[in-house]
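Here the structure comes first, spelled out in structure tokens, and everything after it is commentary.
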């Protein structure tokens with residue numbers, strides 16, 4: 001198998017792993033195994049996987065409240081992720097962060113974020129570090145269509161542009177905030193064109209095509225590594241599930257959701273790999289099966305893990 | 320010992336820390352050629368260059384957020400916010416991000432940064448350029464809050480704040496910038512969380528911080544001439560508070576008066592009074608704990624009203640005298 005084919009297979013594995021993880025989380029909420037709230041990435045897998053396929057050692061990224069996909073795409077351990085969602089001591093944040101705050105700074109994950117747009121200035125600051133430390137590393141900054149109406153986006157995008165910082169802004173346009181459509185929340189035809197007003201290259205990308213996302217990210221990352229500053233990618237995609245677990249989907253039709261499901265990013269990649277002869281139907285079935293098995297194992301690990309001791313309540317407030 | 324201004328002391332701290340540690344850098348509005356709105360960073364651009372003394376656009380959220388992101392990834396930024404009032408524009412970044420990152424991430428990250436803010440009234444700058452908002456930050460776990468009153472403390476505490484591995488809000492009262500005081504050539508960092516007895520006394524403890532310490536000291540001088548021996552305790556760090564120093568002093572004097580410039584309602588004085596009342600010092604109290612704080616109104620523009628809105632020396636004297644009459 002060629003190196004490129006292997007990369008594509010890895011992408012498929014990660015997309016299935018995200019799909020299986022989110023399926024398990026959804027089911028666990030309904031059963032009451034997981035408490036609190038969560039925001040599922042189902043249907044948007046191609047964006048995280050395509051973009052993170054361009055990450056190299058030492059690169060960084062910031063994520064969002066809908067962040068499980070970015071974690072898995074960047075190679076996070078699904079067992080520690082699931083443990084975090086269950087509030088267990090073995091989780092990435094010792095059970096203190098939960099779904100919206102998974103982070104692993106030492107491996108480049110600067111954290112999911114409970115504040116829409118809140119992570120964008122952090123990404124820009126991290127990019128400033130990388131530049132001042134004279135590296136050629138980059139930061140991928142993920143956020144949704146809702147975040148581009150926050151002041152933090154505009155302030156941070158402008159700062160990244162004037163300082164020519166190595167950051168790639170990746171907007172996951174899944175068409176809605178919680179319920180408010182992006183089309184009603186802004187007058188511009190695309191979100192990407194807003195980046196033009198900060199003087200940075202920008203383009204709209206087919207967000208359900210993992211190859212297209214990877215290719216667009218590749219160009220943006222190369223520009224950043226070469227010292228040419230930030231870029232902006234608007235990846236158009238769709239979330240299959242509600243905004244959070246309490247969403248009754250009143251703002252969109254069943255038909256619309258079903259129509260988008262026919263544009264499944266996983267099916268799209270799988271069909272392409274089958275067509276190219278890189279994958280057999282049996283291989284595809286095996287990859288899917290392995291993903292669900294890995295998530296079952298992650299859930300078992302999480303359930304077997306203890307909660308943090310009560311002494312953890314007041315530790316880690318200060319360094 | 321040589322005497323330098325509060326402003327010069329801060330500048331020395333910045334310069335020495337930037338020379339000592341190349342991870343330290345400055346960012347903020349007009350901190351470069353202009354030298355900072357109050358002149359604190361003057362000359363640092365010439366010495367360290369644009370890379371480490373970074374002028375920013377007028378974008379407080381991006382200034383504090385970028386500092387947070389840089390701190391999270393190995394740098395030690397010092398952000399300047401021109402007026403403490405403007406920190407409200409960057410509040411998400413400091414309260415929801417910088418303060419909480421370490422805890423949310425299970426202790427597996429740290430955010431070593433300083434946000435310097437110019438605070439306080441007395442310059443005729445009116446409602447949006449005169450506030451002292453420390454109570455908000457003291458309410459937030461994960462932040463440290465520092466408010467020096469003298470040049471020597473300013474230097475030692477700023478050095479300590481830069482070396483601290485947590486986000487620190489460093490409050491500089493505008494009326495202090497030009498105040499001179501003795502500062503040793505080689506200043507050591509002062510521990511955060513340690514109060515300082517600025518004047519010893521036996522009959523009453525005036526607990527204060529920042530510019531109000533100067534007025535408390537003036538008041539103590541007047542009181543001494545009237546036969547009242549007042550101790551002045553300068554908190555210096557507001558979060559964490561030096562609970563032990565307050566209790567010790569009040570146990571000795573039996574009376575406590577808390578003085579701050581910030582609006583009295585829900586201000587830090589309430590917290591300080593509660594800490595004393597809940598402690599073993601309660602049994603030593605000869606009179607109720609008194610507070611003097613800012614009026615519950617936005618800062619007015621006209622000098623007469625501005626002056627009336629925050630504690631002045633004669634008011635501190637009068638309150639202390641009244642307190643001495645109580646519980647006799």
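Protein chains in written order, with our numbering: chain A, 1 to 319; chain B, 320 to 647.
From the three backbone atoms N, C-alpha and C, an ideal C-beta is built for every residue, glycine too.
Distance between residue 476 (chain B) and residue 614 (chain B), taken at the CA atoms: about 29 Å. Annotation note: the region 29-95 of chain A contains the following uninterrupted beta strand (DSSP E) runs of length 3 or greater, listed N- to C-terminal: 60-62.
Sequence-distant partners of residue 90 (chain A) (beyond 5 residues in either direction) whose C-beta falls short of 6 Å from its own C-beta, in its chain, are 83 and 305. Taking a cut-off of 8 Å for Cβ pairs, the region 537-547 of chain B and the region 509-526 of chain B touch, as three or more such pairs fall below it.
With a beta-carbon spacing of about 6 Å, residue 359 (chain B) and residue 326 (chain B) fall inside the 8 Å limit used to define contacts. In this structure, the CA atom of residue 609 (chain B) is about 59 Å from the CA atom of residue 57 (chain A). Per the coordinates, the alpha-carbon of residue 524 (chain B) lies some 25 Å from the alpha-carbon of residue 438 (chain B). Judged by their CB atoms, residue 180 (chain A) and residue 200 (chain A) are not nearer to each other than the 7 Å cut-off. With fewer than 16 other CB atoms across the displayed protein chains lying within 10 angstroms of its CB, residue 277 (chain A) is exposed. The shortest CA-to-CA distance from residue 412 (chain B) to any of A:220, A:177 and A:117 is the one to A:117.
For residue 304 (chain A), the enclosing alpha helix (DSSP H) has its first and last residue at 281-304. Flagged as an interface residue toward chain B: residue 93 (chain A), by a C-beta distance shorter than 7 Å. Just measuring C-alpha positions, the residue of A:244, A:229, A:95 and A:288 sitting nearest residue 30 (chain A) is A:244. Residue range 210-225 is occupied by the alpha helix (DSSP H) that includes residue 211 (chain A).
The three-state secondary structure of residue 234 (chain A), taken from DSSP, is strand. For residue 170 (chain A), the beta-bridge partners assigned by DSSP are A:142 and A:233.
For residue 263 (chain A), the three-state secondary structure derived from DSSP is coil. Residue-level contact check: residue 101 (chain A) touches chain B, since one or more beta carbons of chain B fall below 7 Å from its beta carbon. Listed along chain A are 132, each with a C-beta nearer than 7 Å to that of residue 370 (chain B). For the 7 Å CB-CB criterion, residue 193 (chain A) and residue 237 (chain A) do not form a contact.
Residue burial annotation: residue 155 (chain A) is buried, with at least 16 other C-beta atoms found within 10 angstroms of its C-beta.
Per DSSP, reduced to three states, the secondary structure at residue 254 (chain A) is helical. Put simply, the CB of residue 128 (chain A) is near chain B, with a gap under 7 Å to one of its CB atoms. Rounded to the nearest angstrom, the Cβ distance from residue 25 (chain A) to residue 298 (chain A) is 10 Å, too far for a contact under 8 Å. Per the coordinates, the alpha-carbon of residue 308 (chain A) lies some 31 Å from the alpha-carbon of residue 454 (chain B). Annotation: residue 351 (chain B) to residue 435 (chain B) spans about 15 Å, alpha carbon to alpha carbon. Around the C-beta of residue 460 (chain B), fewer than 16 other C-beta atoms lie within 10 Å, and the residue is accordingly described as exposed. In the three-state DSSP reduction, residue 483 (chain B) falls in the coil class, being neither helix nor strand. C-alpha of residue 311 (chain A) to C-alpha of residue 225 (chain A): approximately 44 Å in a straight line. For residue 636 (chain B), the enclosing alpha helix (DSSP H) has its first and last residue at 632-644. Shown here for residue 288 (chain A): same chain residues with a beta carbon closer than 6 Å to its own, the five before and five after excluded, namely 16 in chain order.
Taking a contact to require three or more Cβ pairs closer than 8 Å, the region 95-107 of chain A and the region 158-173 of chain A do not qualify as touching. In the displayed model, residue 316 (chain A) falls within coil according to three-state DSSP, outside both helix and strand.
Within chain B, the residues 421, 422, 460 and 461 have their CB atoms less than 8 Å from the CB of residue 317 (chain A), given in chain order. Taking 7 Å as the cut-off, the Cβ atoms of residue 214 (chain A) and residue 315 (chain A) do not count as close.
For the options B:513, B:394, B:414 and B:367, the alpha carbon positioned closest to that of residue 335 (chain B) is the one of B:367.
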